Amino acid sequence: MDGPNDSVVSEFVLIGLSNSWEMHLFLFWFFSLFYMGIILGNLFIVFTVIIDSHLYTPMYFLLANLSLLDLGLSSTTVPKMISDLFTDCNIISFPKCMIQIFFIHVMGGVEMVLLIAMAYDRYTAICKPLHYLTIMSPKTCVSFVVAAWIVGITHAVSQFVFVINLPFCGPNEVDSFYCDFPRVMKLACVDTYKLEFVIIANSGFISMATFFSLIISYIFILVTVWKRSSGDLSKAFVTLSAHITVVILFFMPCMFLYVWPFPTSSLDKYLFIVDFAITPVLNPAIYTLRNKDMRVAMRRLGKRIVHPTHI
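Using my numbering, read the sequence shown as starting at 1 and increasing by one per residue.
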């Protein structure tokens, strides 16, 4: 196959979400507010976990890493999408398009493994409380994060090496607000049928396997709590149902796009608003702001900021 330097197409045109001026105005405020919430919420959580020694636990270590990932994943698409809303021609160069695809899949893969690590952390805390600190040692937590990045990079590279070598000779319009494998591959000048199954086997299988593993783990935790509390699941169900909601919101767009062969539909790009804007806002609220220890830590941090001389 020809390399990218031999391709005629040197840039892609992103169609975006709508051609309506009123919709553009709505999307501008929607994405601007959500992105501001993503930045402030996730950075505040990371800062709180770093500053407050009471939060030096496995759960909050993993949560801080999740917050950084949410911020990174959102930043790969949302800022450009906002800037493109009021331009007539939304152009992204070939290299920037490939970089965007690469980082989306790296951070998406890392987040999947981190969600598994967080589910395992909750399972250990609830089902094996006496051995929790031994099992979830600092070494184990760091190993989870390192493994997550190895899996994420491997996941992205294993698909990226095929796509970057595809020849593109026109058309160059991507029916979305960001670059991703399915929509970019449709523009290649060669048959990509076999490559589609590589993407499905990789992204589709990982998404489905991770999703069902997480759901099964949460069900197992609920069953364990039910047996130990004589059927009282109210507290555990409220907590875990929120976690399950985030898992469903994160994985549904991935499975919808990657589990079966292309072509893509116009619905795909709207579904991924959930992954890039809504879920990164919900994660701080669900995983941390609902948590009593985190709320207390934030109040302590607020007092330090307002009355620094009293500390």
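Cβ coordinates follow ideal geometry from the N, Cα and C atoms, glycine included. Here the structure is a predicted model, which is why all the values come from computation and not from measurement.
Next on the checklist: Less than 8 Å between the beta carbons of LEU66 and MET118, yes or no?
Outcome noted: By the CB criterion at 8 Å, LEU66 and MET118 fall inside the cutoff.
Next on the checklist: By the three-class DSSP mapping on this structure, what secondary structure does VAL174 have?
Outcome noted: In the structure shown, VAL174 sits in a strand (DSSP, three-state: E or B).
Item to check | CA-to-CA distance, GLY109 to ALA148, given in whole angstroms | outcome: Approximately 7 Å between the Cα atoms of the pair.
Next on the checklist: With distance defined between alpha-carbon atoms, name the residue in ILE82, CYS254, ILE244 and PHE181 nearest to LEU341.
Outcome noted: The chain is shown only over 1 to 311; residue 341 falls outside these bounds and no answer can be derived.
Checklist entry - Taking Cβ to Cβ, would you say CYS89 is nearer than 8 Å to VAL13? => result Yes.
Checklist entry - Would you call LYS269 buried or exposed, if buried means 16 or more other Cβ atoms sit within 10 Å of its Cβ? => result When all chains shown are included, LYS269 counts as buried.
Next on the checklist: Whole angstroms are fine: how far does the CA of LYS303 sit from the CA of ARG295?
Outcome noted: The straight-line gap from Cα to Cα measures roughly 12 Å.
Item to check | Exposure label - ILE216; buried when at least 16 CB within 10 Å | outcome: Label assigned to ILE216: exposed.
Checklist entry - Near PRO280, which residues of its chain fall below 6 Å by C-beta distance, leaving aside the five closest residues on each side in sequence? => result By the criterion of a C-beta distance shorter than 6 Å, PRO280 is surrounded in its chain by ILE38, ASP70 and SER74, once the five residues flanking it on both sides are discounted.
Checklist entry - Which residue from CYS141, ASN19 and GLU22 puts its Cα closest to that of ALA64? => result ALA64 has its Cα closest to that of CYS141, out of CYS141, ASN19 and GLU22.
Item to check | Continuous beta strand (DSSP E) stretch holding LEU14: start and end | outcome: From DSSP, the beta strand (DSSP E) with LEU14 extends over 11-14.
Checklist entry - Using CA coordinates, which residue listed in LEU115, GLU196 and ARG228 is at the minimum distance from VAL247? => result For VAL247, the nearest C-alpha among the options comes from LEU115.
Checklist entry - Can you tell me whether GLY170 is buried or exposed, with buried defined as 16 or more other CB within 10 angstroms of its CB? => result By the neighbour-count rule (16 or more Cβ atoms within 10 Å), GLY170 is not buried but exposed.
Checklist entry - If we call anything under 8 Å between Cβ atoms a contact, is LEU166 one with THR192? => result Less than 8 Å divides the Cβ of LEU166 from the Cβ of THR192.
Checklist entry - Who are the near neighbours of LEU68 in its chain, counting only those whose CB is closer than 8 Å to its CB and skipping five residues on each side? => result Residues of the same chain with a CB within less than 8 Å of the CB of LEU68, apart from the 5 flanking positions on each side, are ASN42 and VAL46 in chain order.
Item to check | Separation of ILE101 from THR77, as counted between CA atoms | outcome: Between THR77 and ILE101, the C-alpha separation is close to 10 Å.
Checklist entry - For PHE181 versus VAL163, is the C-beta distance shorter than 8 Å? => result Less than 8 Å separates the beta-carbon of PHE181 from that of VAL163.
Checklist entry - Where does ILE164 fall in DSSP's three states? => result Of the three classes helix, strand and coil, the one that applies to ILE164 here is coil, per DSSP.
Item to check | When SER203, ALA242 and ALA209 are compared against PRO284, the one with the closest alpha-carbon | outcome: Answer by Cα proximity: ALA242.
Item to check | Residues that DSSP places opposite ILE92 in a beta bridge | outcome: Beta-bridge pairing by DSSP links ILE92 to PHE12.
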